[in-house]
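The structure under discussion appears below in the form of C-alpha cells.
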Amino acid sequence: MTAVAARTLLSVRDLHVFLGQSHVLQGVSFDVPEGGVTALLGRNGVGKTTTLRAVLGLVGRKGSVRLADEELTSLPTHRIVRRSVGYVPEDREVFTGLTVAENLRLAERDAEPRYDLVYDLFPDLEGRRTQRAGTLSGGQQQMLAIARALLNDNRVLLVDEPTKGLAPALVAEVARVLERLAELTTVLLVEQNLGVVRRIARRAIVLDQGRVVHTSDAKELLERPELVRRLLSVGAHA
Amino acid sequence: MSTFILLTITGFGLGAMYFLIASGLSLIYGLMGVLNFAHGAFISVGSYGTWWFSAHVFDGVHSILLRWLLSSLVGLGLGGLFAGLVELVLIRPLYTRHMEQVLVTVGLSIAFVALLQGVWGTDPKTFAVPPWLHETTTIAGAHIPNDRWLEIATAAVVLCLLQLFLRRTRYGLIIRAGVENRTMVQALGIDVRKAFTLVFAIGGIAAAIAGVLSGVYFNVVAPDQGTSLLIFAFIVVVIGGLGSIGGSAAAALVVALTQQYTNYYASSGVGDMVVVLLLGLVLLARPRGLAGAIVGARA
Chain L
1 MTAVAARTLL
11 SVRDLHVFLG
21 QSHVLQGVSF
31 DVPEGGVTAL
41 LGRNGVGKTT
51 TLRAVLGLVG
61 RKGSVRLADE
71 ELTSLPTHRI
81 VRRSVGYVPE
91 DREVFTGLTV
101 AENLRLAERD
111 AEPRYDLVYD
121 LFPDLEGRRT
131 QRAGTLSGGQ
141 QQMLAIARAL
151 LNDNRVLLVD
161 EPTKGLAPAL
171 VAEVARVLER
181 LAELTTVLLV
191 EQNLGVVRRI
201 ARRAIVLDQG
211 RVVHTSDAKE
221 LLERPELVRR
231 LLSVGAHA
Chain P
1 MSTFILLTIT
11 GFGLGAMYFL
21 IASGLSLIYG
31 LMGVLNFAHG
41 AFISVGSYGT
51 WWFSAHVFDG
61 VHSILLRWLL
71 SSLVGLGLGG
81 LFAGLVELVL
91 IRPLYTRHME
101 QVLVTVGLSI
111 AFVALLQGVW
121 GTDPKTFAVP
131 PWLHETTTIA
141 GAHIPNDRWL
151 EIATAAVVLC
161 LLQLFLRRTR
171 YGLIIRAGVE
181 NRTMVQALGI
191 DVRKAFTLVF
201 AIGGIAAAIA
211 GVLSGVYFNV
221 VAPDQGTSLL
231 IFAFIVVVIG
241 GLGSIGGSAA
251 AALVVALTQQ
261 YTNYYASSGV
271 GDMVVVLLLG
281 LVLLARPRGL
291 AGAIVGARA
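For the protein sequence lines, the chains are L and P, in the order given.
All residue numbers for the first sequence refer to the numbering used here, where the first residue is 1 and numbers rise by one.
All residue numbers for the second sequence refer to the numbering used here, where the first residue is 1 and numbers rise by one.
Following this line, the structure appears as C-alpha cells:
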C-alpha cells in the first residue's frame with residue numbers, strides 16, 4: 001500500500017522514439033513513485049533501454065517526461081542529469097583509459113561527493129583507485145559504474161541491466177547494493193533477472209513492442225506464473 | 001655525417017610544426033569526430049596575424065625580438081579566437097552531421113585562402129625575426145639553422161603543456177573521457193559542448209604557433225601555406241592514432257624524418273610519396289595508428 005500511496009516522482013507520458021525507420025517507443029506512459037525500486041520489464045528489444053535513454057534525452061523523443069513538477073524534455077542531457085537524475089548504463093560504459101579514481105572524479109557533481117558511501121559499499125574499488133578501468137573485471141567495472149552514480153545525491157537513479165553477464169555470486173552482490181540504493185533514492189530498474197526483481201522491486205512495469213502492457217505491484221505480478229510467461233516469455237522463477 | 005645530422009635536426013624542426021598542427025586536429029577528431037579541413041585557416045590566422053601586427057601595429061617597437069614576440073602573441077590569440085568562433089558558429093549547429101561538417105570546413109578552407117589573396121595579394125610576406133634565428137650553429141660539422149632549435153623547443157613545451165592540461169585539469173579529464181565516449185560524459189551531467197569549444201581554441205592556438213614558426217622556417221608566409229602543411233598533418237594524425245597527443249608527436253617525427261632522409265638520399269620529391277606509402281602500411285598493420293590502443297575504446 002505504501003508504494004501505491006507514494007507521491008509520483010517521475011512521470012512519463014505518451015513517449016515516442018524513432019530510431020531510423022523503427023518506431024521503437026509507441027506512446028509509453030507510466031509513473032515512478034518516490035522511493036524504492038520500480039522495475040521496467042519486458043522481453044529483449046521491446047524498448048526498455050530506449051525508455052531510459054529517452055528519459056535522459058540521449059535519444060530524440062516526443063512526449064512528456066516530468067520529474068516532480070518539472071518538464072525535462074526541453075532540457076539537454078547534462079541539465080537533466082544535473083536535476084539529480086543518475087544513470088547506470090547497460091554494458092557499464094566506464095572510461096577504460098581512465099583510472100578508477102579518474103572515473104569517479106569525472107562523475108562528481110555534488111559539492112561533497114559521497115566517497116565514504118562508495119568505498120563502504122565497494123571496498124575493492126578503494127584499493128584499485130590508480131588502476132585503469134579497462135583492466136578491471138566485468139564485475140568490478142559494474143561496481144564502478146554503480147559507484148559513479150552513487151557518488152552524488154540523486155533523486156532518481158536509472159539503472160539498466162546491472163546484473164547482465166555477471167556470475168551468480170556477483171549478481172547477489174549487485175542485488176545487495178541495489179537494495180541499499182533503494183533506501184537512499186528512487187530507482188527505475190531495467191532487469192531481466194526476475195530473482196533480483198522479486199528481491200528488491202516494489203512495482204513492475206512491463207513493456208511489449210514499445211508500449212506499456214502491464215503495471216502492478218512487483219510481487220503481485222511474479223506470483224502469477226501464467227501472466228509472467230505471457231508477458232515475459234519466461235518462468236516466474238527464472 | 002654532418003649531412004645526416006643536418007637532415008635529422010631539420011627533420012625534427014619540420015616534425016615540430018607537423019606536431020603543432022596535428023595535435024589540435026587529433027584532439028578535435030578524437031573528441032568530436034570532426035574532420036577539420038579548416039585547420040589550415042587557423043595556421044594562416046597565426047602567420048598573417050603575426051605579419052600584419054608586426055608591420056602595422058608594432059612597427060615602432062625598436063627591439064626586433066620584442067616586436068616579434070608581441071606580434072606572435074597577438075597571432076596566437078587571434079588563432080585561438082578564430083578557432084573558437086568557427087566551432088561556435090559553424091561546427092556546433094552541425095554536430096552529428098558529418099558530411100555537412102566536411103563541406104563547411106572544406107569551404108572555409110578554400111574561402112579563407114581566397115580571402116587572404118584578395119585582401120593582401122598572392123605575393124608571400126615576411127616579418128622581422130631576431131637575427132639569431134637566421135644564423136647557424138655548428139654541430140659535428142653540420143651547420144644547423146638556429147630556427148630549428150626554436151621549433152623543436154616550442155613543440156616540446158607545447159607537448160608538455162598539453163599533457164599537463166590533459167592529465168592534471170578537470171577539463172583535460174573531460175576531454176580524455178570524451179575521446180572515449182562523449183555520450184557517457186554527457187550522461188554524467190557534464191556540458192561537453194564547452195569542452196568542444198575549448199579543444200577548438202587550443203587546437204587553433206597550436207596551429208597558429210605552427211603558422212608563426214612556418215613563417216620563420218620558410219622565411220615567408222603565403223596564403224596557401226597552411227593548406228599545404230595541413231595535408232601532412234592529417235597523415236600524422238592518422239599514423240599517430242586519432243585523439244592521441246603522444247601518438248601525434250611520435251608520428252610527426254616519423255613523417256618528417258622520412259621526408260627529409262628520402263628527399264636527400266633518394267630523390268627530391270620522393271619523400272612525399274614515401275610518406276603516403278608509410279600511411280598505407282600503418283593503416284594495414286595498425287588501423288588505429290601507432291597509439292591505437294589508447295583510442296581504441298572510443299565509442
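Every residue, glycine too, gets a C-beta built ideally from N, C-alpha and C.
Under 7 angstroms from the C-beta of residue i: neighbouring residues of chain L
i	result
residue 176(P)	97 and 98
residue 186(P)	77 and 78
residue 30(P)	Residues of chain L passing the Cβ test: none, with the nearest at roughly 11 angstroms.
residue 190(P)	78
Within chain P, partners of residue i - CB distance below 9 angstroms
i	result
residue 49(L)	The premise fails here: residue 49(L) is roughly 13 angstroms from chain P at the closest Cβ pair, so nothing lies under 9 angstroms.
residue 144(L)	In chain order: nothing, as chain P lies at least about 12 angstroms away.
residue 58(L)	183, 186 and 187
residue 81(L)	186, 187, 188, 189 and 190
residue 224(L)	Chain P residues near residue 224(L): none, gap ~35 angstroms exceeds 9 angstroms.
For residue i, the three-state DSSP class (helix, strand or coil)
i	result
residue 291(P)	coil
residue 62(P)	coil
residue 20(L)	coil
residue 42(P)	helix
residue 224(P)	coil
residue 132(L)	strand
residue 225(L)	helix
residue 75(L)	coil
residue 156(L)	strand
residue 255(P)	helix
residue 15(P)	helix
residue 81(P)	helix
residue 242(P)	coil
residue 3(L)	Here residue 3(L) scores only 45 on pLDDT, less than 50, and its place in the model should not be relied on; the value that follows carries that caveat. Correct three-state label for residue 3(L): helix.
residue 111(L)	coil
residue 131(P)	helix
residue 67(P)	helix
residue 94(L)	coil
residue 297(P)	Here residue 297(P) scores only 36 on pLDDT, less than 50, and its place in the model is too uncertain to base an answer on.
residue 96(P)	coil
Limits of the alpha helix (DSSP H) - the one that residue i falls within
i	result
residue 270(P)	270-285
residue 163(L)	Looking at the DSSP string, residue 163(L) is not in any alpha helix (DSSP H), and its letter there is neither H nor E.
residue 125(P)	First-last for residue 125(P): undefined, no H or E at that position.
residue 200(P)	192-217
residue 84(L)	It is not in any alpha helix (DSSP H) - residue 84(L) carries neither H nor E in the DSSP assignment.
residue 329(P)	Residue 329(P) cannot be examined here, being either before or after the span of chain P that is shown, 1 to 299.
residue 170(P)	170-187
residue 190(L)	It is not in any alpha helix (DSSP H) - residue 190(L) instead sits in the beta strand (DSSP E) that spans 186-190.
residue 137(P)	Here residue 137(P) belongs to no alpha helix (DSSP H); instead the beta strand (DSSP E) covers 136-139.
residue 139(L)	138-150
residue 57(P)	Looking at the DSSP string, residue 57(P) is not in any alpha helix (DSSP H), and its letter there is neither H nor E.
residue 101(L)	100-107
residue 53(L)	48-56
residue 123(L)	123-126
Residue span of the beta strand (DSSP E) that contains residue i, given as start and end
i	result
residue 144(P)	142-145
residue 66(L)	62-67
residue 215(L)	211-217
Residue i - partner residues in DSSP beta bridges
i	result
residue 201(L)	37(L)
residue 88(P)	Answer is none; residue 88(P) lacks a bridge partner.
residue 70(L)	67(L)
residue 12(L)	30(L) and 65(L)
residue 208(L)	211(L)
residue 27(P)	Beta-bridge pairing links residue 27(P) to no other residue.
residue 25(L)	17(L)
Neighbour list for residue i in chain L, Cβ cutoff strictly below 8 angstroms
i	result
residue 173(P)	98, 102, 105 and 106
Contacts of residue i in chain P (Cβ-Cβ under 7 angstroms)
i	result
residue 87(L)	187
residue 93(L)	181 and 184
Interface residues of chain P facing residue i [CB-CB closer than 8 angstroms]
i	result
residue 148(L)	188
residue 109(L)	188 and 189
- Item | Inter-stretch contact at 8 angstroms, needing at least 3 Cβ pairs: the region 199-218 of chain L / the region 26-40 of chain L | Contact between the region 199-218 of chain L and the region 26-40 of chain L is present: 3 or more CB-CB pairs across the two stretches fall below 8 angstroms.
- Item | Stretch-stretch touch, CB-based, cutoff 8 angstroms, three pairs: the region 38-45 of chain P with the region 223-241 of chain P | yes
- Segment contact, 8 angstroms Cβ cut-off, at least three pairs: the region 262-269 of chain P with the region 75-83 of chain P: no
- Tell me, please, whether the region 243-250 of chain P touches the region 159-173 of chain P by the rule of three or more beta-carbon pairs shorter than 8 angstroms. yes
- Per the contact definition of three or more C-beta pairs closer than 8 angstroms, is the region 15-23 of chain L in contact with the region 125-132 of chain L? no
- Message: Between the region 171-186 of chain P and the region 1-21 of chain P, can you find at least three pairs of beta-carbon atoms closer than 8 angstroms?
- Response: With a cut-off of 8 angstroms, the region 171-186 of chain P and the region 1-21 of chain P do not count as touching, because too few Cβ pairs lie within range.
- Counting pairs of beta carbons, one from the region 133-147 of chain L and one from the region 100-115 of chain L, are three or more of them closer than 8 angstroms? yes
- Query: When the Cβ atoms of the region 81-100 of chain L are set against those of the region 156-163 of chain L, are three or more pairs found closer than 8 angstroms?
  - Reply: yes
- Hey, is the region 26-41 of chain P in contact with the region 103-110 of chain P, meaning 3+ C-beta pairs nearer than 8 angstroms? yes
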